[in-house]
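If you read the sequences in order, they're chains A and B.
FYI, the numbering for the first sequence is 68 to 320, going by the working numbering.
FYI, the numbering for the second sequence is 68 to 320, going by the working numbering.
By construction, the Cβ of each residue, glycine as well, lies at the ideal position given by its N, Cα and C atoms.
The structure appears below as structure tokens.
Protein chains: 2
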Amino acid sequence: MTDGGARWSVGALAKASGLTVRALHHYDELGLLRPSARTESGHRRYTEADLRRLYQIRLLRELGIPLDDIAELLTDPTAVRDVLARRLEQIEDEQWRLSLLGSQVRNLMEQVDGSWRPDSGELLAQIGRASVFHDGLSREQRTALAEQSDRIGPDARRWLDAEWPLVLTRLAEHCRAGTPPEDPEVQATARRLVDVVAMFTGGDQELVTSVAGFFREHGHGMLRDARVGQPDLGLGDELWDYVSQVYGNLAGN
Amino acid sequence: MTDGGARWSVGALAKASGLTVRALHHYDELGLLRPSARTESGHRRYTEADLRRLYQIRLLRELGIPLDDIAELLTDPTAVRDVLARRLEQIEDEQWRLSLLGSQVRNLMEQVDGSWRPDSGELLAQIGRASVFHDGLSREQRTALAEQSDRIGPDARRWLDAEWPLVLTRLAEHCRAGTPPEDPEVQATARRLVDVVAMFTGGDQELVTSVAGFFREHGHGMLRDARVGQPDLGLGDELWDYVSQVYGNLAGN
DNA sequence: GGTTGAACCTCACGTAGCGGGAGGTCTTAC
DNA sequence: GTAAGACCTCCCGCTACGTGAGGTTCAACC
Numbered sequence: 068m069t070d071g072g073a074r075w076s077v078g079a080l081a082k083a084s085g086l087t088v089r090a091l092h093h094y095d096e097l098g099l100l101r102p103s104a105r106t107e108s109g110h111r112r113y114t115e116a117d118l119r120r121l122y123q124i125r126l127l128r129e130l131g132i133p134l135d136d137i138a139e140l141l142t143d144p145t146a147v148r149d150v151l152a153r154r155l156e157q158i159e160d161e162q163w164r165l166s167l168l169g170s171q172v173r174n175l176m177e178q179v180d181g182s183w184r185p186d187s188g189e190l191l192a193q194i195g196r197a198s199v200f201h202d203g204l205s206r207e208q209r210t211a212l213a214e215q216s217d218r219i220g221p222d223a224r225r226w227l228d229a230e231w232p233l234v235l236t237r238l239a240e241h242c243r244a245g246t247p248p249e250d251p252e253v254q255a256t257a258r259r260l261v262d263v264v265a266m267f268t269g270g271d272q273e274l275v276t277s278v279a280g281f282f283r284e285h286g287h288g289m290l291r292d293a294r295v296g297q298p299d300l301g302l303g304d305e306l307w308d309y310v311s312q313v314y315g316n317l318a319g320n
Numbered sequence: 068m069t070d071g072g073a074r075w076s077v078g079a080l081a082k083a084s085g086l087t088v089r090a091l092h093h094y095d096e097l098g099l100l101r102p103s104a105r106t107e108s109g110h111r112r113y114t115e116a117d118l119r120r121l122y123q124i125r126l127l128r129e130l131g132i133p134l135d136d137i138a139e140l141l142t143d144p145t146a147v148r149d150v151l152a153r154r155l156e157q158i159e160d161e162q163w164r165l166s167l168l169g170s171q172v173r174n175l176m177e178q179v180d181g182s183w184r185p186d187s188g189e190l191l192a193q194i195g196r197a198s199v200f201h202d203g204l205s206r207e208q209r210t211a212l213a214e215q216s217d218r219i220g221p222d223a224r225r226w227l228d229a230e231w232p233l234v235l236t237r238l239a240e241h242c243r244a245g246t247p248p249e250d251p252e253v254q255a256t257a258r259r260l261v262d263v264v265a266m267f268t269g270g271d272q273e274l275v276t277s278v279a280g281f282f283r284e285h286g287h288g289m290l291r292d293a294r295v296g297q298p299d300l301g302l303g304d305e306l307w308d309y310v311s312q313v314y315g316n317l318a319g320n
């Protein structure tokens, strides 16, 4: 008995554990679960200790813990708590992400169902363009946006998605053309922008700041002027300053 | 203007969309978003129509829809609803899975915190061995098991995880040894099994049937006798029949 | 018109956890 | 003795890109 009682074949172990033979091969390659012995011809022979270890692995795998972490955890059992705690945090993150995703998908379905003009392609493009902003936001801010989106309902969403690029494009054009900020047309457009922002953020001032900041940094080329050979005006600092001035003028009235 | 106004570079498009240049290369390879033109030297040039398409892609990607489906969906816009509906279903599945996972992890942490004997390694092995059964169950049944597990609390869980293999092993030994089903020792062991099953399933008869069925089909080698060179007794049909007889005797008393 | 730094190009490998198949050997039961 | 199963070792495939490596090309500045 120099093999330490290594008497289980891969197939048997696979059946006992509910895993596949291929998975056991994989664990062997990784060094996560090496059979305690091999027959002369190379067949794997596992012991009961191996089986025990496999049950541990299997459990942790089911909980979604990566194999690397499992390996680590099995050599240092005091780490179990930490790994589990980390995993729990991850799970909660995922849950949050999914619930947000769910409401987004539901909203989108609603939009698609209710609209024939603009067609669904245009609709997707509009919403997609808007969704670029979400990139820079925190969990809470995203949640806030989603709630606001729920609050205003599908019709307002549709209006909003179509309205903001128009408004911003018009302002960008005025900026490029050098129209002075106190021009009445510009002022009227700015008021439209105020409406858009209010509708979008629900009046949350922090949110306004965040979105605006993101716009300023990443909005380059978001509208129509990042084309090759054109100066990159887009929504960069120039437009930003321009809008700031227009706003100053609005407030002054 | 034979290029149809193809004037955006990859970099500009990347910035406008919030994606990376590499992602755009990837979409190009896949044929999901081909630049409408190339310069003589091979640089990609995109049109505004391309940008529009990119916004659509980006949105759908954010919702977790695979690129293949997006490609399909963009050639046939009537499929949008279906794809979204499928995705929503998926999301709900995931949510269910995650909430189950969360409670499992929480339970496990509780166990680990509260137990020093048996050590956490042994604990994991025990729970892992038990978790093999979950494989054959439906969503509802898993939920039911999880609820029952919550209900009985950590101490009972610990007892249960240690108890069932002992009981079943003992019954398997008697089965192999040919002890008659009406033997008092066997009967006593069977009563322990009844307790275990009741505690595990909470008395849900359908659940009992399901778990038992799974046991019968996949329990081979689950205990100690699938070793190479030994007859595969384990929890196969013989043990099954034996236990049935024992139960019959129990009921008869 | 030359130079330089940014942007661009095309490979091509890496990721996590196996699935699945090819092509060959071993074992075991009849 | 032989045939079926179980086993072996490669090795490619999957998702959606990230991350270089090694080499053009572009746009601007002197």
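A distance below 7 Å between beta-carbons, with the five flanking residues on each side excluded, links A/S170 to the following residues of its chain, in chain order: A213, D217. For B/A257, no chain A residue has a Cβ inside 8 Å of its Cβ, as the nearest lies near 24 Å away. Note on the region 76-140 of chain A: whole alpha helix (DSSP H) runs with a minimum of 4 residues are 77-84, 88-97, 115-129, in chain order.
Within the region 126-146 of chain A, those residues whose Cβ lies closer than 8 Å to any Cβ of chain B are, in chain order, L126, L127, E129, L130, G131, L141, P144. For A/G72, the three-state secondary structure derived from DSSP is coil. Residue nearest to B/A255 within the set B/L238, B/V278, B/S198 is B/L238 (criterion: CA-CA distance).
By the C-beta criterion, the region 138-148 of chain A is judged not to be in contact with the region 145-157 of chain B, since fewer than 3 inter-stretch pairs fall below 8 Å.
Contact between the region 193-204 of chain B and the region 112-128 of chain A is present: 3 or more CB-CB pairs across the two stretches fall below 8 Å. Residue nearest to A/D222 within the set A/L80, A/M176, A/V253, A/R258 is A/M176 (criterion: CA-CA distance).
For A/T276, the secondary structure class from DSSP, reduced to helix, strand or coil, is helix.
The C-alpha of A/P133 lies about 36 Å from the C-alpha of B/Q272. For A/T256, the uninterrupted alpha helix (DSSP H) run begins and ends at 251-268, by DSSP. Taking C-beta atoms under 8 Å as the contact rule, B/R120 and B/Q178 fail to qualify, at a distance of about 52 Å.
The beta-carbon of B/V179 is placed less than 8 Å from the nearest beta-carbon of chain A.
The closest CA to that of A/G98, considering only A/L260, A/W226, A/L80, A/D117, is found on A/D117.
Looking only at B/E230, B/G72, B/F281, the smallest Cα-Cα distance to B/R259 is reached by B/E230. B/S166 and A/L155 have their alpha carbons spaced roughly 11 Å apart.
The Cβ atoms of A/V261 and A/T268 do not sit closer than 8 Å to each other.
Closest option to B/P247, judged by alpha-carbon separation, among B/T87, B/G131, B/V234, B/L306: B/L306. Here DSSP, grouped into helix, strand and coil, assigns B/D186 to coil.
Inclusion of A/A244 and A/L317 in the CB contact set at 8 Å is not warranted, their separation being larger than that value. For the set B/S187, B/R111, B/H93, the Cα lying nearest the Cα of B/G72 is the one of B/R111. Assigned with DSSP and collapsed to three states, A/D160 falls in helix. In the same chain as A/L190, and ignoring 5 residues on each side of it, the C-beta atoms closer than 8 Å to its own belong to Q178, V179, S182, R225, D228, in chain order. Listed by position along chain B, the residues whose Cβ is nearer than 9 Å to that of A/A192 are L118, R119, R120, L121, Y122, Q123, L126. Residue-level contact by beta carbon holds for A/V172 and chain B, with a gap shorter than 8 Å. Taking 8 Å as the cut-off, the beta carbon of B/L80 is found closer than this to the beta carbon of B/Y113. Nearest CB-CB separation between A/D308 and chain B: not below the 8 Å threshold.
In the same chain as B/W163, and ignoring 5 residues on each side of it, the C-beta atoms closer than 7 Å to its own belong to R206, in chain order.
Burial check for B/R74: the Cβ neighbour count within 10 Å reaches 16 or more, so the residue is buried. A Cβ-Cβ separation of about 11 Å leaves B/V234 out of contact with B/V253 under the 8 Å criterion.
Residues I219, A223, L227 of the same chain have their beta carbon placed closer than 7 Å to that of A/M266, with the five preceding and five following residues left out of the count. If the five residues before and after B/R105 are omitted, its C-beta is found closer than 8 Å to the C-beta atoms of R111, R112, all from its own chain and listed in chain order. Here A/S216 carries a helix assignment [DSSP, helix/strand/coil]. A/P247 carries a coil assignment under DSSP once its states are collapsed to helix, strand and coil.
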